[in-house]
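S.K.: This is the structure, below, for whatever I ask next.
Protein chains: 2
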Amino acid sequence: MRPEHPKTKTDILEKAIPLFAKSGFSGVSMRQIAKAIGMNAASLYHHFPDKQTLYVQAVQQAFASREFVLSEVLSMKIPVQEKLRLFVKRICDFMIDDPDFSRLIHREMLDGDGDETRLQLLADQVFHNFFSTVISLANELASDKDPHLLAMSIFGLIAYHYQTTPIRLFLPGAKPEHNDSEIISNHVISLLLQGLESKGNLK
Amino acid sequence: MRPEHPKTKTDILEKAIPLFAKSGFSGVSMRQIAKAIGMNAASLYHHFPDKQTLYVQAVQQAFASREFVLSEVLSMKIPVQEKLRLFVKRICDFMIDDPDFSRLIHREMLDGDGDETRLQLLADQVFHNFFSTVISLANELASDKDPHLLAMSIFGLIAYHYQTTPIRLFLPGAKPEHNDSEIISNHVISLLLQGLESKGNLK
DNA sequence: ACAAATCAATCAAACGTTTGCTAGGTATAC
DNA sequence: GTATACCTAGCAAACGTTTGATTGATTTGT
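These protein sequence lines map, in sequence, to chains E and F. Its first residue numbered 1, the first sequence is counted upward by one per residue in the numbering used here. Its first residue numbered 204, the second sequence is counted upward by one per residue in the numbering used here.
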């Protein structure tokens, strides 16, 4: 019986992305992917020659379909602290909306060290524009600091919180509101703008 | 025939650590571990009840061998800023000296694997003491800030730089010295202590 | 002191299951 | 009729794990 809604390659990849993001290449079986889609594992081989190809294409699609729209913030006529605030909030929201994206990136950084080409592509096609924007902001915020390091720190402060969420919930002091983008962005912004000196702690 | 050099649990774990660091829990088989040690896979079950226990103990050992160096800093009779300085510098040095260590941490954050039991175990047995130490420091540094968030930020600022090293080299503004533990720890400390206000940027 | 019993550490072989993947067939669309 | 999208069935290999036997070292009983 022919299915009423034949699955396209894109459909399959879209379902596979969150699985690979969660458990990595060797942590997901073809049968698991097939089950998530609602088809037989053998049918996957009609669309992809092997598991590796399916994985690479899934990662490619995950990166291609997502694009940050942040550069517009740079040209706004608002105080630079406000730009930072907007920036941070948007990245927080993005992390919540699409957790698979950042998980896949971090997996690629761990697993793709034999294949530097894949990392180069990722840097050029996915991150270059975004990172340049963050660097511009970093320069506006503190021209005396190393822009590369500062940009990485700004993004890292946010990304790390979301990246560690699964295990953070079991660590001391964890609260439900630590997943709230409002709370995290406020924390990050206050840390960036005032450091630890607010309310005279270190005076 | 009794082997001339019976393998202790520690020997096994020491050989298993780099394997798990490179390929993750599901990326390494018991037979691969056994081969790396020079013994039969079945013999592993004389020392460990199952693969998961072996893995958790490997992570524990990778972590425990470094842990005491950090907690001793807390009890030192020095200004709290100096504690932070020591803390950050030592963590930076760990990251560089022992790439397996940092890769394992990175992996643990990601490899939820749907198995919450393992995360819980790792949080309790591996990360709890370390994280409590960072929280104590966070409380000393800024009692008005959320200790959990602040502790995560301190560690994250450092860890993220090393995690992203493979791809950071392809991003704008990257310099060779960005892998120097002195440079990174100075950057992190100045960011934490002064935020972005140093030299009057935001005044 | 010395044999007997126990123990720790290992192995080969095999268990049942899951893995990635293939072959061959069936229904639908054009 | 041919191409497409799917299926059932199954393969060989690898997986985590168990079993049962073997070895030397250690402990114990007398």
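The C-beta atom is built at its ideal place from N, Cα and C for all residues, glycine as well. Values in this document were obtained by computation on a predicted structure and should not be read as measured data.
Going by other Cβ atoms of all chains shown within 10 Å of its Cβ, with 16 needed for buried, is E285 of chain F buried or exposed?
M.R.: So E285 of chain F ends up on the exposed side.
S.K.: Starting from the beta carbon of A326 of chain F, find every residue of chain E whose beta carbon is closer than 7 angstroms, and list them in chain order.
M.R.: I167, F170, L171, listed in chain order.
S.K.: Write down every uninterrupted run of the alpha helix (DSSP H) in the segment 28 to 83 of chain E whose length is 4 residues or greater and which is fully enclosed by it, in chain order.
M.R.: List check, alpha helix (DSSP H) in window: 30 to 37, 41 to 47, 51 to 64, 71 to 74.
S.K.: Against chain F, with Cβ distances strictly below 8 angstroms, would Y162 of chain E count as a contact?
M.R.: So no, Y162 of chain E is outside the interface.
S.K.: Hey, out of E:V188, E:T133, E:S43, E:N139, whose CA is closest to Y162 of chain E's CA?
M.R.: Measuring from the Cα of Y162 of chain E, the nearest candidate turns out to be E:V188.
S.K.: Going along the chain, which residues of the segment 84 to 118 of chain E sit with their C-beta nearer than 9 angstroms to a C-beta in chain F?
M.R.: Going along the segment 84 to 118 of chain E in chain order, one finds L84, R103, I105, H106, R107, E108, M109, L110, D111, G112, D113, E116 with a Cβ nearer than 9 angstroms to chain F.
S.K.: Between Q397 of chain F and chain E, is any beta-carbon pair separated by less than 8 angstroms?
M.R.: Chain E contact via Cβ: present.
S.K.: Would you say A267 of chain F faces chain E, with C-beta separation under 8 angstroms as the test?
M.R.: For A267 of chain F, the answer is no, since every Cβ of chain E falls outside 8 angstroms of its Cβ.
S.K.: Quick one: measure Cβ to Cβ for S23 of chain E and L74 of chain E, integer angstroms, because I've assumed they're closer than 8 angstroms.
M.R.: Rounded, the Cβ-Cβ distance is 37 angstroms, inconsistent with contact.
S.K.: Whose Cβ in chain F lies nearer than 9 angstroms to the Cβ of P147 of chain E?
M.R.: The contacting residues are P375, G376.
S.K.: Between the alpha carbons of N404 of chain F and S190 of chain E, how many angstroms are there, rounded?
M.R.: Note that N404 of chain F scores a pLDDT of 47, beneath 50, so its modelled location is shaky; the value from the coordinates is reported in the next line. If you take the alpha carbons of N404 of chain F and S190 of chain E, they lie about 15 angstroms apart.
S.K.: Do the segment 120 to 134 of chain E and the segment 60 to 71 of chain E make contact, defined as three or more Cβ pairs closer than 8 angstroms?
M.R.: Contact holds: three or more Cβ-Cβ distances are below 8 angstroms.
S.K.: Within 10 Å of its beta-carbon, does T164 of chain E have 16 or more other beta-carbons around it, so buried, or fewer, so exposed?
M.R.: Buried: at least 16 other Cβ atoms inside 10 Å.
S.K.: Does F228 of chain F come out as helix, strand or coil in the three-state DSSP assignment?
M.R.: It is coil, neither helix nor strand.
S.K.: Please report the distance separating the alpha-carbon of A219 of chain F from that of E72 of chain E.
M.R.: So the two alpha carbons sit approximately 49 angstroms from each other.
S.K.: Would you list, in chain order, the members of the segment 35 to 50 of chain E that have their beta-carbon closer than 7 angstroms to a beta-carbon of chain F?
M.R.: The residues in question: there are none.
S.K.: Would S388 of chain F and K254 of chain F be called neighbours here (beta carbons separated by less than 8 angstroms)?
M.R.: No, these two residues do not count as a Cβ contact at 8 angstroms.
S.K.: Would P369 of chain F and M109 of chain E be called neighbours here (beta carbons separated by less than 8 angstroms)?
M.R.: In contact: P369 of chain F and M109 of chain E (Cβ atoms closer than 8 angstroms).
S.K.: Mapping the DSSP letters down to three states, classify L372 of chain F as helix, strand or coil.
M.R.: Coil, per DSSP.
S.K.: State the DSSP-derived secondary structure class of K218 of chain F, mapped to helix, strand or coil.
M.R.: DSSP places K218 of chain F in helix when its eight states are reduced to three.
S.K.: Count the other CB atoms within 10 Å of the CB of A345 of chain F; is the residue buried (16 or more) or exposed (fewer)?
M.R.: Buried.
S.K.: With C-beta atoms as the reference, is G195 of chain E less than 8 angstroms away from L395 of chain F?
M.R.: The answer is yes: Cβ separation under 8 angstroms.
S.K.: Verify whether the separation of the beta carbon atoms of K378 of chain F and H148 of chain E is less than 8 angstroms.
M.R.: Yes.
S.K.: By a C-beta neighbour count over all protein chains shown, 10 Å radius and 16 as the cutoff for buried, is K117 of chain E buried or exposed?
M.R.: Before going further, note that residue 117 of chain E is Thr rather than Lys in the sequence given. T117 of chain E should be labelled exposed.
S.K.: Let's see if you can read the secondary structure: which residues bound the alpha helix (DSSP H) around A354 of chain F?
M.R.: That run of the alpha helix (DSSP H) goes 350 to 366.
S.K.: Leaving out five residues before and five after A57 of chain E in sequence, what residues of the same chain have Cβ atoms less than 8 angstroms from its Cβ?
M.R.: Note on identity: in this sequence residue 57 of chain E is Gln, with Ala being the wrong assignment. So the list reads K9, L13, F48, once near-sequence residues are dropped.
S.K.: Answer with buried or exposed for L19 of chain E, where buried requires no fewer than 16 other C-beta atoms within 10 angstroms of its C-beta.
M.R.: That one is buried.
S.K.: Starting from I135 of chain E, find everything on chain F with Cβ-Cβ shorter than 8 angstroms and list it in chain order.
M.R.: By Cβ distance, chain F contributes P375, G376.
S.K.: Any Cβ of chain F within less than 8 angstroms of the Cβ of Q60 of chain E?
M.R.: No, its Cβ sits nowhere closer than 8 angstroms to a Cβ of chain F.
S.K.: Can you tell me the Cα-Cα spacing of L54 of chain E and S229 of chain F, whole angstroms?
M.R.: Rounded to whole angstroms, L54 of chain E to S229 of chain F spans 19 angstroms at the Cα level.
S.K.: Short of 7 angstroms in beta carbon distance, which residues of its chain neighbour V283 of chain F, apart from the five on each side in sequence? Order them along the chain.
M.R.: Same-chain partners within the cutoff: E343, L344.
S.K.: Give the residues of chain E in contact with S335 of chain F, contact being defined as C-beta atoms less than 8 angstroms apart.
M.R.: Here the neighbours are P172.
S.K.: Between G27 of chain E and chain F, is there a C-beta pair that is closer than 8 angstroms?
M.R.: It does; some Cβ of chain F falls within 8 angstroms.
S.K.: Compute the Euclidean distance between the alpha carbons of F131 of chain E and V28 of chain E, then round it to the nearest angstrom.
M.R.: Between F131 of chain E and V28 of chain E, the C-alpha separation is close to 31 angstroms.
S.K.: Check the C-beta distance from A21 of chain E over to L84 of chain E and give it rounded, since I have them as a contact under 8 angstroms.
M.R.: So it is not a contact: roughly 28 angstroms between Cβ atoms.
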